[in-house]
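The next block holds one structure in the form of structure tokens; read it before the comments.
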Ligand code: AMP
Ligand code: MG
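Numbering (my numbering), first residue to last: 12 to 353.
See the structure below:
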């Protein structure tokens, strides 16, 4: 792909928000912050702009995009039908890290939905994200702003590393508050179905829709030949360059196992286990007792782990519910579902 000049914008500048809006209206690509991760945005109603997102990311065309809106009212223009469960979830969790999959209208290009009869929609909580959508004057299709297969970006630096010279602008809004992508719930399924865990936990969703079911692909690798409900679930994600294995069991035994492997190896661990892994190359991604810290740092830690150029990587993984389940989901995908008990 030919190189272009990437403009660097700042989310705290109203002029820069306006500039981002103008670029988006002109069919260009702008990476922007949200409270989950950075998104690579284009006008969701402009099929040729949306196609550029897929080209820039190297994203498979059958993996649909999330459409971002700034007001709940914008939903009616995109969706044919808004089931009561969707209204209840939107009322409770929007703005915020929850994406709803709903029956779509024809105005949404096939490029966005990968030809599905549904569209995924989110109303982000970060004020700068909503300001960009308003400045653009149109809903924005925005997947995570990483090259396909790389860890999702949680800082403008991560976006630069993947897209400098390949997209029109990067709007810097500082580090993302959540650090992992939104929870995805399909209300086009009956009963509603959790397609991807995230910051809005299964437990809190169940307070609003007790009949929520968890898609089998959330728990494990989709079986060969099975069509996952969220097409994105079938792709290997966030993969570091070296093979990654999750080590389950006491930290000291995990450290012994890692030391016994042919080197060089590197370990992703909790703050509390830092000393247990002494002598090994290691990156901590936060405190085991603070799952939000793990979510916030996970993708940055995976990028730093990758930079250690180890031959084999090991990770410690939280085992609880709530946000820990979302962290575990991302880490298991990064590991290609490789887990070892020690
Ligand atoms: P990303 O934007 O990279 O965070 O990925 C968006 C996720 O939402 C992917 O896993 C997609 O497969 C999923 N998704 C987007 N649109 C739909 C849809 N219409 N139906 C089911 N899953 C969807
Ligand atoms: Mg992504």
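The beta-carbon is built from N, C-alpha and C at its ideal position, and this holds for glycine as well. Bear in mind the structure is a predicted one, so any value in this text is a computation, not a measurement.
| Query | Result |
| --- | --- |
| What does the alpha-carbon distance come out to for the pair residue 277 and residue 201? | 44 Å |
| Is it the case that the Cβ atoms of residue 152 and residue 61 are separated by a distance below 8 Å? | yes |
| Please report the distance separating the alpha-carbon of residue 103 from that of residue 312. | 32 Å |
| Run through DSSP, which three-state label would residue 273 get? | coil |
| Measuring CB atoms only, is the region 214-221 touching the region 123-140, in the sense that at least three cross pairs come out at less than 8 Å? | no |
| Quick check on the burial criterion: 16 or more other C-beta atoms within 10 angstroms. Buried or exposed for residue 229? | buried |
| Starting from residue 183, trace the beta strand (DSSP E) both ways and give me its first and last residue. | 180-183 |
| Return the CA-CA distance between residue 287 and residue 319, expressed in angstroms with no decimal places. | 19 Å |
| Can you pull the DSSP bridge partners for residue 288? | In DSSP, residue 288 forms no bridge with anything. |
| In the DSSP assignment, the beta strand (DSSP E) including residue 197 goes from what residue to what residue? | 194-197 |
| Excluding the 5 residues flanking residue 97 on each side, which residues of the same chain have their C-beta closer than 7 Å to its C-beta? | 111, 113 and 198 |
| Quick one: does the C-beta of residue 155 sit closer than 7 Å to a heavy atom of the ligand ATP? | Summarising the ligand content, the structure contains the ligand AMP and the ligand MG and does not contain the ligand ATP. |
| At a threshold of 7 Å, does residue 163 count as lining the ligand MG (C-beta to nearest heavy atom)? | yes |
| Starting from residue 325, follow the alpha helix (DSSP H) in both directions and report where the run begins and ends. | That residue, residue 325, is in no alpha helix (DSSP H); its beta strand (DSSP E) goes 323-326. |
| For the ligand AMP, is there any heavy atom lying closer than 7 Å to the beta carbon of residue 211? | no |
| Would you report the Cα separation of residue 211 and residue 69, rounded to the nearest angstrom? | 28 Å |
| I'd like to know whether the C-beta atoms of residue 141 and residue 81 end up nearer to each other than 8 Å. | yes |
| Going by other Cβ atoms of all chains shown within 10 Å of its Cβ, with 16 needed for buried, is residue 16 buried or exposed? | exposed |
| At what residue ranges does the region 63-125 contain a whole run of the alpha helix (DSSP H), taking only runs of 4 or more? | 86-89, 95-104 and 121-124 |
| Looking at C-alpha atoms only, which residue of 91, 119, 83 and 187 is the closest neighbour of residue 50? | 187 |
| Return the Cβ separation of residue 353 and residue 265 in integer angstroms, given the expectation that the two are a contact with Cβ distance under 8 Å. | 5 Å |
| Who are residue 155's beta bridge partners in DSSP? | 50 |
| Since I believe residue 249 is in contact with residue 163 (beta carbons under 8 Å), could you give me their beta-carbon distance rounded to a whole number of angstroms? | 7 Å |
| Which of the three DSSP states is assigned to residue 22 in this structure? | coil |
| Rank 351, 254, 180 and 208 by C-alpha distance to the C-alpha of residue 332 and give the top, closest one. | 208 |
| Ordered along the chain, which non-local residues of its own chain (more than five positions away) have a Cβ less than 6 Å from that of residue 281? | 299 and 327 |
| What would DSSP say about residue 15, mapped onto helix, strand or coil? | coil |
| Going by Cα to Cα distance, which pick from 115, 86, 289 and 255 is closest to residue 270? | 289 |
| What do you reckon, is the C-beta of residue 131 under 7 Å from a heavy atom of the ligand AMP? | yes |
| Tell me, to the nearest whole angstrom, how far the beta carbon of residue 89 is from that of residue 100; I am working on the premise that it is less than 8 Å. | Actually they are not in contact, since the Cβ atoms of residue 89 and residue 100 sit about 16 Å apart, beyond 8 Å. |
| Starting from residue 42, follow the beta strand (DSSP E) in both directions and report where the run begins and ends. | 41-43 |
| Can you tell me which of 20, 336, 42 and 351 puts its alpha carbon nearest to the alpha carbon of residue 177? | 42 |
| Just to check my reading of the structure: residue 75 and residue 40 have Cβ atoms closer than 8 Å, yes? What is that Cβ distance to the nearest angstrom? | Going by Cβ atoms, the distance from residue 75 to residue 40 rounds to 17 Å, so no, they are not a contact pair. |
| Taking the alpha-carbon positions, what's the residue 291 to residue 47 distance? | 31 Å |
| So for residue 305, helix, strand or coil by DSSP? | helix |
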